[in-house]
Amino acid sequence: MNQNTGSEEEKLLMENSLTFFGAITASVSHELNNVISIINQTAGLLDDLLIGSREGRPIKTERLEKMAGSVKNQTDRGIDIIRRLNKFAHSTDEPVREYDPGDMIENLVSLTRRLADMKKVTLEMVPADGPVPVVGNPFQAQQAVFMAIRLALSTSLENDTIRIEMLEQEDVLKLLISGIRSDQGAEFDLSYLKLLTESFGGTITHRSEGEPTTLEITVPRGK
Amino acid sequence: MYKFRVLLIDDEEELVSALVERLSYRDIDSEFALTGPEGIDKMRQSVFDVVVLDLKLPGMDGTEVLSRIKKEHPDIPVLMITGHGSVANGQEEIPAQAFDFLSKPINLEDLIKKMQEAIDSG
Numbered sequence: 000m001n002q003n004t005g006s007e008e009e010k011l012l013m014e015n016s017l018t019f020f021g022a023i024t025a026s027v028s029h030e031l032n033n034v035i036s037i038i039n040q041t042a043g044l045l046d047d048l049l050i051g052s053r054e055g056r057p058i059k060t061e062r063l064e065k066m067a068g069s070v071k072n073q074t075d076r077g078i079d080i081i082r083r084l085n086k087f088a089h090s091t092d093e094p095v096r097e098y099d100p101g102d103m104i105e106n107l108v109s110l111t112r113r114l115a116d117m118k119k120v121t122l123e124m125v126p127a128d129g130p131v132p133v134v135g136n137p138f139q140a141q142q143a144v145f146m147a148i149r150l151a152l153s154t155s156l157e158n159d160t161i162r163i164e165m166l167e168q169e170d171v172l173k174l175l176i177s178g179i180r181s182d183q184g185a186e187f188d189l190s191y192l193k194l195l196t197e198s199f200g201g202t203i204t205h206r207s208e209g210e211p212t213t214l215e216i217t218v219p220r221g222k
Numbered sequence: 000m001y002k003f004r005v006l007l008i009d010d011e012e013e014l015v016s017a018l019v020e021r022l023s024y025r026d027i028d029s030e031f032a033l034t035g036p037e038g039i040d041k042m043r044q045s046v047f048d049v050v051v052l053d054l055k056l057p058g059m060d061g062t063e064v065l066s067r068i069k070k071e072h073p074d075i076p077v078l079m080i081t082g083h084g085s086v087a088n089g090q091e092e093i094p095a096q097a098f099d100f101l102s103k104p105i106n107l108e109d110l111i112k113k114m115q116e117a118i119d120s121g
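Going down the list, the sequences are from chains W and A. Count the first sequence with numbering that gives the first Met the number 0 and you get residues 0 to 222, in order. Count the second sequence with numbering that gives the first Met the number 0 and you get residues 0 to 121, in order.
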């Protein structure tokens, strides 16, 4: 990212990039905290059972198997979160490079899922039919999708579904984010999203034919 | 003979079920609920001396659950559980109706001490 914020727009882009990075890492750290908390209490429970065993209360094998399974499940959950966070962090490595947006958005959606879970909303991703390589800035594209999801979440009700669909076109990748309820008082202030998408040569529009509203983001494929 | 009864409200089932068992070895009777509405319902059906409530819950969040509990059971103290360091860093605000807060991961002895303080304050 460019550290020389020459204009107000560049400054705004920089500030919002940091906010986006912070929002993702804060959400992930909460989830990792839950993973560690479960392992911590399971270890404590094992200690308690061992104390009981020394006092003549034998531990059943099934109990140990269940606890070992819990630790393994939580370790796998933690590894998956860290792998995804690592992939997200490395998306800032180069301002422009070739990337697979399907893989990138699937990763972002997974990292964002906790925010949706808190509202009991389902995030559904519909990938393109095949790989759609893009040359551009993957971090900015993720930020645009995240902001669109967050806008949708701010309007959503329990059991809603927010759908993120990828459509391949000749020169652009189209991302459709649907499930935005304009009847929930959402203010369609897309000015920042417009600035952001323009910064990587894309566009953003919204269609509100009936309910719910769909945001359409285009990302130039840059080939 | 149990020392007291606690209701744990947290959506991580493996966490609260381990806590329930560990508390029982320390003569503390406990139940858990995985959602706010389930917790509110349990409080209508049974008597608890203290509630331990996660701030971040799916659907009805911890702040809303706290408000509803306090409306129906103003004398039962509620301890809030938050993400690590988030309160200390000012990222989350503990509602005034809560007795106090603890950060995850929870130390069991700290939790028991805090629950006893909450009960004794009543």
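Built from N, CA and C at the ideal position, the CB exists for glycine as well.
Take the alpha-carbon of Thr81/A and the one of Glu20/A: they are about 22 Å apart. Within its own chain, the residues whose Cβ lies closer than 6 Å to the Cβ of Leu214/W, once the five positions on either side in sequence are excluded, are Ala147, Ile176, His205, listed in chain order. In the three-state DSSP reduction, Val133/W falls in the strand class (E or B). In the three-state scheme derived from DSSP, where H, G and I count as helix and E and B as strand, Ser45/A is classed as coil.
When C-alpha distances from Ser153/W are compared across Arg180/W, Lys59/W, Glu54/W, Arg53/W, the shortest belongs to Arg180/W. Check the Cα spacing between Glu116/A and each of Met42/A, Leu54/A, Val77/A: the tightest is with Val77/A. Comparing alpha carbon positions, the residue from Val70/W, Lys10/W, Asp188/W closest to Ile37/W is Val70/W.
When the Cα atoms are used, Asp92/W and Gly221/W turn out to be separated by approximately 18 Å. A buried status is given to Pro211/W, since no fewer than 16 other beta-carbon atoms sit within 10 Å of its beta-carbon.
Note on Leu49/W: under 16 other CB atoms within 10 angstroms of its CB, so exposed under the neighbour-count rule. Taking C-beta atoms as the reference points, Ile104/W and Met117/W fail to come closer than 8 Å. Chain-order list of chain A residues neighbouring Glu157/W: Gly58, by C-beta distance under 7 Å.
Ile23/W has a beta carbon lying at 8 Å or more from every beta carbon in chain A. For Lys119/W, the C-beta contacts it makes with chain A under 8 Å involve Pro57, Gly58, in order along the chain.
Identification of residues in the region 150-179 of chain W having a C-beta nearer than 9 Å to some C-beta of chain A yields Glu157, given in sequence order.
Relative to the Cα of Leu52/A, the nearest Cα in the group Lys41/A, Gly58/A, Gly35/A belongs to Gly35/A.
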